Every structure is written in C-alpha cells, then in structure tokens.
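Residue numbers (the numbering used here): 635 to 1214.
Shown next as structure tokens:
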C-alpha cells in the first residue's frame, strides 16, 4: 500500500497536508508553471482552452457497509512540460491570475457531466463532492451557476456536495448564514472540510447547516500511535454525531488507521488505503467490480479471538501455541516488547501473554505501554522470575490483569486465558451496544437537526407571508378604487378607505354580513342572504351595475382561491357615470 498524504483539490486552500501520491506525485516547482513570464496566467488559460485540466475522483467509503458511498472531485493539470501537477502547485497562480472562478466552473461542469454519464450507465446512486474556494464561496452568482449546471445535466441537487473550508467561512464573514442557507434551500449537501486546521469557532458547527464534517489528514496520520491525535479524533467524532453530522476521515493510508476509525464509529473514510484518485472510467470499473472494505473493517463486525504471545524464548512460544491452538484462537507472537508494540500497531489483539525478563524492555514496561495505547486488551504476565516491586506496580496500575508463573499447569493456564477472552467479549459486546446506541442517536440528532432547519424555514416563510400581507393590505387601503373583501361566509373582512368613504352612511361594516349591511351592492336575488354575495369559485368574476348616491357603479365580484389558499370574494366598485 502506497503511503502518502491525501491529495487536495484545486478549489481547497493549500495546506501542509496537501500533496499527491503514487503516480500523481510530481516534484515541487521553484516557481509556478507559466507560458509567459509577463503574463503569469497564460499557461492556465491555455490549459483551460486546450483541455489540459483533468478531473479525478477519490472514493469515500461507508464504514457500515464497506462500499463506496460518494466521490471527491480533484482537479489536476496535465502540463506539457512538467507532467501531472497537483492542485497545490498551481492554486496560487490561478488566484493571482483571476482564473479561480473559471476553473471552478470547469470542475463543476465536468463533475456534473460525469455524474450524468454514470447515471446513464446504471450508477444512479453515486454522489460527488466538489471543493469551493474562499473567493468563489463569497460570489453571489455561485448558487445560480450550480443550479443551472445541475438543471442542464439533469442531476438532482442532493447528488452534489459542496465542501467548504474553515478559512472560507472566516473570509465570508456575516454573509455566511445567507450563503449556506441558500445552498441548503436549493437541496445541496454541505461538508465542513479540513476541520481543525483553520481558526473557525466550534460554535460554527452548530450555527451552520453542515451535513458532514471532515477530519483533516493531519489528525489521522499518527492516530494509532499518538494518544493526543486519538483523543482529538474521538472527540470530533462524538461532537459531530451529537450535532447530527456525519464524519469523514481523510488521508487514511493504513489498515490500523481504518480499524481505529471503525471502532470509534467514524462514518466514512477517504484515502490511499482504499483507492487513489481515479479517472472517470476507472470509477465505473471500481464500482461495477463490487470492491469493498474487508468485513473486519466494518462497523459491528465480530472479529476472531486474537491472542498475542511475547517471549524471547522460542521454545516457550512454541509450547504455548501447541497448548492454546486447540481453543481456536488466532495466535500471533513476538520475541520482545518492541516487536510486540509494532505488531499491535498493525494487528488488533484481544489478549496478551507476556514474559517479564526480555532483552530491551521488561514485560511490565511492555504491558504498561500496551495498556496506554491499546486499553481494550486484556494483559497477562507469565514469568518464571518474580521481581515483586515491578510486577506489583504494574498490577496496581492496571497494566496486568493476572500474573501467572512458569512452569504452568496446562488446564489452569487454558482456563485463565479463556476467562480473559470472556471478559474481552463482554467488553466488546458492551462496546457494540454502545455503538448501536450512538448510531441510533446519530440518526435521531440528524432528524432533529433537519426538523430545526424546517422549523426555521417555516418561521421565515410565515414572517415573509406576514410582511406580504401587510404590504398588500396597505396597497389596497390607499387605492382610490373602493375595495371590499369578504370571507367564504359572506362577512366583510376588509374594507379600504375609498369604500368606507363611499358607504359612510351605512354604519359599521367590518365584521358584518355584506348582504345585510350593503344590500345595494347585489342584484335583488342577493338581498335574500349573504351567501348570495359570494361569486362561485369556478365561475370567474361576475359584474353588475348599481346606483349609489346618484352615481352608477360597476360592481365586480372576484372569487378568491384560484392561485392561493384564500377563500371568499373581493369586490371592486368602478364609477361609470351619473345614474340615469
């Protein structure tokens, strides 16, 4: 497996972790590639015009199923002189030349076209994430550009994810809320990228409607060997889940890293451990091949019972293997403490049996380190030498579960080892139950977050409707044309100033039945009751003439509800001249 930091897209800010790996690694250039020193952007403009840009896709793998869940689009420049260049090698040049927007549009268009092609090939559930540069994120035209491209390619908005960095949030300032709310309202998914490398406040996780959080590769690189990085990752995963967000770990390059993330309920991984960035046709081959993570690297997997024997005497190790192999354990061995720690870094283990006196590192010291780095293991010391103080300290610290002496009784030793595995399985069952509860809580938190978002949108719509209603009432109030509004029971619900002036002699009108207080508005048949004052909703407007105070008016009754949820009628009176 190739070991290299995670490559980044052009559209993400450059950082220490930005790099390519494998066949895509290119030497860093002393200066950005350019076709003309007088015009630094000439080379990139030529690249856009002559199709030198290439879009690759790196899979994101679901740790529940082991299958590819989505892809991240990563742009590369196939330079005619320097070869394949990673985004970090020309990002600054693109910004300086004012070409970031043009390259953004190219990435968006190519990703949508590839999505359309995959859908046509039967890969309809595939989703793609594209990075958004800080300068582009602040562009108010971005939302319209994304919507237009999705419509052109026939792609549903929820098939596209926008990855936004912490620095983009910081630079956008007060516009962040409106920008992100607009993307969410359009149906796009949002991911907070490179989390932990910028200066954004933790409150932003709750403030903004992100669907997922990406843990930067910087925290993943040493997560197996660094207690600080492990604690940071565990905290970020738990925090994001409580906020209803999924968690993506990028830069995953080893099985040990993947297993750590699996055990701590990370949702998705991305990195060279599963696959490097791939061309569009290679993505199709990968998905149709059905390739997935091994079962033991998925959530809720119950692995075999694994035993580690650490002893510098090969004959002791051989004797223990012969004795314990009958109990169906998966047995691993090491000749000293350092080898044991190296094996633990590569291979998950349930129970450890270690000698005390070994070259380089005492068994008690080895078990202390094993406890610190792999606290879920059950640790047994088996030794013919009794150094009371060292062993007692290790027992008191919890580094040793049991101390057994050599030579051993076969049945007693097998019983102690079996009991150790039972304790480990109880702990594993509790952990699995805990993970299931956390998984259920994650789904509940995500649902609550969606409900909160819907509630906010509904409240916003109500406020907008109230404003619209107030504006409409004010407009009608100041019209010189007499206007009267009736509900579906014939009661007067609105009357403007012109109508009040016209019918000032009729007393209080608002809240009374129109047919009773204004019988002159309706034909003789309408005087029988207010229901006659209503225009049938399906018939359209009705018109008749009435005489009021020596003047003739055309009375038009408009049924309401044709294009809204309103019920009732709107009556207007237009002066046509003097009464005959």
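Glycine included, C-beta positions come from ideal geometry on N, C-alpha and C. The structure displayed is predicted, hence computed values, not measured ones.
Per DSSP, residue 787 has no beta bridge partner at all. Around the beta carbon of residue 1105, a 10 Å sphere encloses fewer than 16 other beta carbons of the protein chains shown; the residue is thus reported as exposed. Nearest neighbour of residue 848 by Cα position, chosen from 809, 837, 871 and 912, turns out to be 871.
For residue 1109, the number of other beta carbons within 10 angstroms of its own is below 16, and it is reported as exposed. Judged by their CB atoms, residue 1048 and residue 957 are nearer to each other than the 8 Å cut-off. Comparing alpha-carbon positions, the option among 997, 875, 718 and 678 lying closest to residue 1083 turns out to be 875. Taking C-beta atoms under 8 Å as the contact rule, residue 894 and residue 857 qualify, at a distance of about 6 Å.
DSSP places residue 949 within a helical segment (H, G or I) once states are collapsed to three. Straight-line spacing of the CA atoms in residue 1033 and residue 1059 works out to 19 Å. Residue range 1044 to 1112 is occupied by the alpha helix (DSSP H) that includes residue 1100, with no beta strand (DSSP E) assigned at that position.
In the DSSP annotation of this structure, residue 1140 is not part of any beta strand (DSSP E), being labelled neither H nor E.
The beta carbon of residue 733 sits closer than 6 Å to the beta carbons of 675 and 678 from its chain, once the five residues preceding and following it are set aside; these are given in chain order. Secondary structure of residue 724 (DSSP, three-state): coil.
CA-CA distance, residue 741 to residue 1012, rounds to 51 Å.
Check the Cα spacing between residue 786 and each of 1203, 748 and 966: the tightest is with 748.
Fewer than three pairs of CB atoms, one per stretch, sit closer than 8 Å, so the segment 963 to 973 makes no contact with the segment 920 to 931. Residue 877 is not a Cβ neighbour of residue 843, given a cutoff of 8 Å. CA-to-CA, the gap between residue 1176 and residue 1205 works out to about 10 Å. Under the three-state reduction of DSSP output, residue 871 falls in the helix class. For residue 1182, the enclosing beta strand (DSSP E) has its first and last residue at 1176 to 1182.
Residue nearest to residue 698 within the set 821, 1025, 898 and 820 is 898 (criterion: CA-CA distance). In the structure shown, residue 713 falls within a strand segment according to DSSP collapsed to helix, strand and coil.
For residue 918, no beta strand (DSSP E) run applies; the uninterrupted alpha helix (DSSP H) run containing it begins and ends at 914 to 923, by DSSP.
Residue 801 and residue 727 have their alpha carbons spaced roughly 19 Å apart. In this structure, the beta-carbon distance from residue 711 to residue 686 falls below 8 Å.
Residue state for residue 886 is assigned as coil, using DSSP reduced to three classes. Sequence-distant Cβ neighbours of residue 681 in its own chain, meaning closer than 7 Å and more than five residues away, are 687 and 711. Residues of the same chain with a CB within less than 6 Å of the CB of residue 997, apart from the 5 flanking positions on each side, are 988, 989, 990 and 1015 in chain order.
In this structure the segment 1109 to 1121 does not lie against the segment 1085 to 1100, because fewer than three pairs of beta carbons, one per stretch, are closer than 8 Å. Taking the Cα positions, residue 1027 is about 26 Å away from residue 951.
For residue 827, the three-state secondary structure derived from DSSP is strand.
Counted as a single uninterrupted DSSP element, the beta strand (DSSP E) harbouring residue 904 occupies residues 902 to 904. Under the DSSP assignment, residue 1207 falls in the beta strand (DSSP E) whose first and last residues are 1203 to 1212.
Contact check for residue 845 against residue 879 passes: the beta carbons are separated by less than 8 Å.
Pairing residue 722 with residue 737, the inter-Cα distance amounts to about 14 Å. Residue 818 is classed as buried because its beta carbon has at least 16 other beta carbons within 10 Å across all chains shown.
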